[in-house]
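K.L.:
Just so you know, the sequences run in chain order D and G.
The first sequence begins at 1 in this note's numbering and counts up one residue at a time.
The second sequence begins at 1 in this note's numbering and counts up one residue at a time.
The C-beta atom is built at its ideal place from N, Cα and C for all residues, glycine as well.
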Amino acid sequence: SQTIHQWPATLVQPVGSPLSLECTVEGTSNPNLYWYRQAAGRGLQLLFYSVGIGQISSEVPQNLSASRPQDRQFILSSKKLLLSDSGFYLCAWSTDRDQPQHFGDGTRLSIL
Amino acid sequence: AQRVTQPEKLLSVFKGAPVELKCNYSYSGSPELFWYVQYSRQRLQLLLRHISRESIKGFTADLNKGETSFHLKKPFAQEEDSAMYYCALSGAQGAQKLVFGQGTRLTINP
Numbered sequence: 001s002q003t004i005h006q007w008p009a010t011l012v013q014p015v016g017s018p019l020s021l022e023c024t025v026e027g028t029s030n031p032n033l034y035w036y037r038q039a040a041g042r043g044l045q046l047l048f049y050s051v052g053i054g055q056i057s058s059e060v061p062q063n064l065s066a067s068r069p070q071d072r073q074f075i076l077s078s079k080k081l082l083l084s085d086s087g088f089y090l091c092a093w094s095t096d097r098d099q100p101q102h103f104g105d106g107t108r109l110s111i112l
Numbered sequence: 001a002q003r004v005t006q007p008e009k010l011l012s013v014f015k016g017a018p019v020e021l022k023c024n025y026s027y028s029g030s031p032e033l034f035w036y037v038q039y040s041r042q043r044l045q046l047l048l049r050h051i052s053r054e055s056i057k058g059f060t061a062d063l064n065k066g067e068t069s070f071h072l073k074k075p076f077a078q079e080e081d082s083a084m085y086y087c088a089l090s091g092a093q094g095a096q097k098l099v100f101g102q103g104t105r106l107t108i109n110p
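Printed below as a string of structure tokens:
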């Protein structure tokens, strides 16, 4: 069966430090992959999505970047974190656009 | 611009009472609408989607294009329905890029 792993569950980082959040999917091939963020008091916002290896689409201008080095691996990164990067980050996958998305457990990121 | 509005952050009803979680959207084309749910200590998961036209766990939702609404309804609430509910929209083209509402926390009182 398909599963999605996202880590770490929580992370506390100082302003200006780098970031790397990882998401991996098992049990499926060539999934669509997504990164969402939920800032305090707001709904989930799509940050990036990928339909294949090396293919990244950014939905909003921001301090973050995403990469897909392998078929089932999706990484969210930053070279220098800002206070505004704090939030709850969710990774999701789907087999194609007509299928529902499956979400990971999320990472709560706090910037100090 | 695509937008989803859930006007109620919190909703509390008694067990056995009807439930309606409101969702309004803004989209110029023909959207696909979803309801996602997150139960305590569980992952966010799909509850239902409008194209399926089915009832899941007693919940139904009808897409009203005239009112641009997709309200979630259940005639008799159960305690296990307590959860966070998110309405979401996806445009007609490209990857399934979901736009979420802020969510409504539903509490069913015994």
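Report all residues from its chain with a CB closer than 7 Å to the CB of GLY27 of chain D; omit the five preceding and five following residues, and keep chain order.
P.N.:
Residue mapping note: residue 27 of chain D aligns to position 27 of the first sequence, counting from 1. Excluding positions up to five away in sequence, the list reads SER1, GLN2 and THR3.
K.L.:
Pull up the distance between the alpha-carbon of SER78 of chain D and that of GLY16 of chain D, whole angstroms please.
P.N.:
Stepping through the first sequence from its first residue, residue 78 of chain D is reached at position 78. Stepping through the first sequence from its first residue, residue 16 of chain D is reached at position 16. Spanning the two alpha carbons is a distance of roughly 9 Å.
K.L.:
Give me, in chain order, the residues of the same chain whose beta-carbon lies closer than 7 Å to that of ILE108 of chain G; leave out the 5 immediate sequence neighbours on both sides.
P.N.:
Numbered from its first residue, the second sequence carries residue 108 of chain G at position 108. Result list for ILE108 of chain G: VAL13, LYS15, ALA77, GLN78, GLU79, ASP81 and SER82, in chain order.
K.L.:
Do the segment 28–41 of chain D and the segment 67–81 of chain D meet, that is, are 3 or more Cβ pairs less than 8 Å apart?
P.N.:
yes
K.L.:
Output yes if chain G places a C-beta closer than 7 Å to the C-beta of PHE103 of chain D; else output no.
P.N.:
Locating residue 103 of chain D in the first sequence gives position 103, where the first residue counts as 1. For PHE103 of chain D, the answer is yes, since a Cβ of chain G falls inside 7 Å of its Cβ.
K.L.:
Could you tell me which residues DSSP puts in a beta bridge with GLN45 of chain D?
P.N.:
Your numbering for residue 45 of chain D matches position 45 in the first sequence. Its beta-bridge partners are D:ARG37.
K.L.:
Check the Cβ of PHE100 of chain G against every Cβ in chain D and list those closer than 7 Å, keeping chain order.
P.N.:
Within the second sequence, the letter at position 100 stands for residue 100 of chain G. Neighbourhood of PHE100 of chain G in chain D, by CB distance below 7 Å: GLY43 and LEU44, in chain order.
K.L.:
If we cut at 7 Å on Cβ distances, does SER58 of chain D have a partner in chain G?
P.N.:
Within the first sequence, the letter at position 58 stands for residue 58 of chain D. Not closer than 7 Å to any Cβ of chain G, the Cβ of SER58 of chain D fails to qualify, so no.
K.L.:
Using a threshold of 6 Å, is the CB atom of VAL15 of chain D nearer than that to any non-hydrogen atom of the ligand NAP?
P.N.:
This structure lacks the ligand NAP, and indeed carries no ligand of any kind.
K.L.:
To the nearest angstrom, report how far apart CYS23 of chain G and ASP98 of chain D are at their CA atoms.
P.N.:
Taking the first residue of the second sequence as position 1, residue 23 of chain G is located at position 23. Taking the first residue of the first sequence as position 1, residue 98 of chain D is located at position 98. Approximately 21 Å between the Cα atoms of the pair.
K.L.:
Taking C-beta pairs closer than 7 Å, name the residues in chain D that TYR27 of chain G reaches, listed in chain order.
P.N.:
Residue mapping note: residue 27 of chain G aligns to position 27 of the second sequence, counting from 1. Chain D residues near TYR27 of chain G: none, gap ~15 Å exceeds 7 Å.
K.L.:
Can you list, in chain order, the stretches of the beta strand (DSSP E) that have 3 or more residues and sit fully within the segment 50–87 of chain D?
P.N.:
As summarised for the segment 50–87 of chain D, the continuous beta strand (DSSP E) elements at least 3 residues long and confined to that stretch are 55–58, 65–70 and 73–78, given in chain order.
K.L.:
If you measure from the beta carbon of ARG41 of chain G to each beta carbon in chain D, is any gap under 7 Å?
P.N.:
As a working note, residue 41 of chain G is residue 41 in the second sequence. No, ARG41 of chain G does not count as interfacial toward chain D.
K.L.:
Figure out for me which residue from D:TYR49, D:ALA66, D:GLY87 and D:ASP96 has the closest Cα to the Cα of ARG108 of chain D.
P.N.:
Here residue 108 of chain D refers to the residue found at position 108 when the first sequence is read from its first residue. Nearest option by C-alpha distance: D:GLY87.
K.L.:
How many whole angstroms separate the CB atoms of TYR86 of chain G and GLY101 of chain G, which I take to be in contact at a CB cut-off of 8 Å?
P.N.:
Position 86 of the second sequence, counted from the start, is the residue given in the question as residue 86 of chain G. Position 101 of the second sequence, counted from the start, is the residue given in the question as residue 101 of chain G. TYR86 of chain G to GLY101 of chain G, Cβ: 6 Å. Contact.
K.L.:
Taking 8 Å as the cut-off, does the segment 89–105 of chain D touch the segment 32–48 of chain G (at least 3 CB pairs, one atom from each stretch)?
P.N.:
With a cut-off of 8 Å, the segment 89–105 of chain D and the segment 32–48 of chain G count as touching, because enough Cβ pairs lie within range.
K.L.:
Could you round the C-beta distance between TYR25 of chain G and ARG3 of chain G to whole angstroms and report it? I think they count as a contact, below 8 Å.
P.N.:
Taking the second sequence and counting its residues from 1, the one referred to as residue 25 of chain G is at position 25. Taking the second sequence and counting its residues from 1, the one referred to as residue 3 of chain G is at position 3. Sure, about 7 Å apart at Cβ, within 8 Å.
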